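In our numbering, the protein residues as written are 15 to 323.
Don't be surprised by glycine CBs; every beta carbon is placed ideally from N, CA and C.
These numbers were taken from a predicted model, which means no experiment stands behind them.
The structure appears right after this line, and notes come after that.
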Ligand SMILES: Cc1cc2nc3c(=O)[nH]c(=O)nc-3n(C[C@H](O)[C@H](O)[C@H](O)COP(=O)(O)OP(=O)(O)OC[C@H]3O[C@@H](n4cnc5c(N)ncnc54)[C@H](O)[C@@H]3O)c2cc1C
């Protein structure tokens, strides 16, 4: 079936922030062939393309995108022994539930994280001391030149909330991911999941957002580590990381509002859309947080969200 390529599709309708102007072209792909066709279309039009999954970690610009926005929504999900193979467009939550159905365990901590397998692997999504890269065996990608290539986990450049696929220069599209899990117990997994859902429910703001705006601080990577440690409560360092939300809160920015965007009362590392926020409002709040946290703590905050200009 021919691809359905839409023109001037409003990107706010395709992301959890509910922000973003029109994409010159927008297409949903459900297979490798669809993806190749969408890339060919972009090349013929001489336009750039941007690939995404659930849109839960992106801020689309108010002006939209003068190119082809490609959303991956495939459904491939297979299990063999302790391994699973998931298409990039499978919802991360669906992978978690199906892995438990298959009697496997490992990803329970990820319940409640929106988005797709491709987005989670690109950003090395994580929570409660875990990240998805712990369970990745291989990642199958479509390279810029159109070859299909298999990367081992070691080749993916996984770091805290990142990988080589989450760079602005990345032109490799994740097609499928091979995971390795442990043998599980459905009842135990169910208990962990309901525990985590309870914790998340109390913490997350009930408004559109893209999750944590900034990465947490990896204390050992700081050039000014000693000075920083003198400014913060040391007991709040968990797994070598310090919560950026705490720094933003200490700068008195919790609840700060610009236009329709606001630093969430529930979690200061979340910027929420309280109604008709513009990307410009969010970007102003981002700059404000960077400036104030830089002044008070000497920290250069780094965005976790991807801003598509
Ligand atoms: C309420 C809320 C709570 C959240 N909680 C967490 C949390 O606890 N932990 C956490 O880590 N994150 C969290 N997030 C952020 C987000 O859900 C995760 O980062 C998620 O894994 C992103 O997946 P996605 O499919 O939506 O990615 P998208 O937003 O669609 O894309 C994100 C990036 O990945 C790239 N990408 C996506 N698919 C592919 C692909 N197939 N090939 C190559 N690149 C690709 C995109 O180009 C983009 O750079 C939260 C977000 C929200 C809104």
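If we call anything under 9 angstroms between Cβ atoms a contact, is residue i one with residue j?
i           : j           : result
residue 233 : residue 251 : yes
residue 278 : residue 284 : yes
residue 55  : residue 17  : yes
residue 131 : residue 100 : yes
residue 162 : residue 192 : no
residue 210 : residue 102 : no
residue 88  : residue 104 : yes
residue 79  : residue 52  : no
residue 143 : residue 124 : no
residue 261 : residue 313 : yes
residue 297 : residue 156 : no
With residue i as the anchor, note down where its alpha helix (DSSP H) starts and where it stops.
i           : result
residue 44  : No alpha helix (DSSP H) holds residue 44; DSSP gives it neither H nor E.
residue 260 : 258-264
residue 245 : From DSSP, residue 245 is part of no alpha helix (DSSP H); its letter is neither H nor E.
residue 276 : It is not in any alpha helix (DSSP H) - residue 276 instead sits in the beta strand (DSSP E) that spans 275-277.
residue 207 : 200-217
residue 321 : Element bounds for residue 321: not the alpha helix (DSSP H) but the beta strand (DSSP E), 320-322.
residue 317 : First-last for residue 317: undefined, no H or E at that position.
residue 227 : Element bounds for residue 227: n/a, residue is neither H nor E.
residue 293 : 293-311
In terms of residues, what are the limits of the beta strand (DSSP E) holding residue i?
i           : result
residue 192 : 187-194
residue 16  : Segment: none, residue 16 is in no beta strand (DSSP E) and carries neither H nor E.
residue 73  : 72-74
residue 66  : 63-66
residue 84  : 79-86
residue 286 : 285-287
Indicate, with yes or no, if ligand 1 has a heavy atom lying under 8 angstroms from the CB of residue i.
i           : result
residue 318 : yes
residue 106 : yes
residue 141 : yes
residue 151 : no
residue 252 : no
residue 164 : no
residue 223 : yes
residue 136 : yes
residue 81  : no
Who are the near neighbours of residue i in its chain, counting only those whose CB is closer than 7 angstroms to its CB and skipping five residues on each side?
i           : result
residue 315 : 228, 258, 303, 304 and 307
residue 194 : 96, 97, 149 and 151
Is the closest heavy atom of ligand 2 to the C-beta of residue i under 8 angstroms?
i           : result
residue 312 : With respect to small molecules bound, the structure shown includes ligand 1 and not ligand 2.
Going by DSSP, which residues form a beta bridge with residue i?
i           : result
residue 152 : 166 and 192
residue 141 : 144
residue 92  : 99
residue 109 : Its beta-bridge partners do not exist; DSSP assigns none.
residue 118 : 197
residue 130 : 105
residue 58  : According to DSSP, residue 58 bridges with nothing at all.
For residue i, which residues of its own chain have a beta-carbon under 6 angstroms away from its beta-carbon, when the five flanking residues on both sides are left out?
i           : result
residue 122 : 203, 206 and 207
residue 32  : 26, 222 and 287
residue 214 : 126
Kindly list the residues whose CB is nearer than 8 angstroms to the CB of residue i, restricted to its own chain and excluding five residues on each side of it in sequence; keep chain order.
i           : result
residue 112 : 91, 93 and 98
residue 196 : 96, 118, 119 and 120
residue 135 : 102, 146, 147, 150, 153, 170, 177, 179, 188 and 191
residue 46  : 156, 162 and 189
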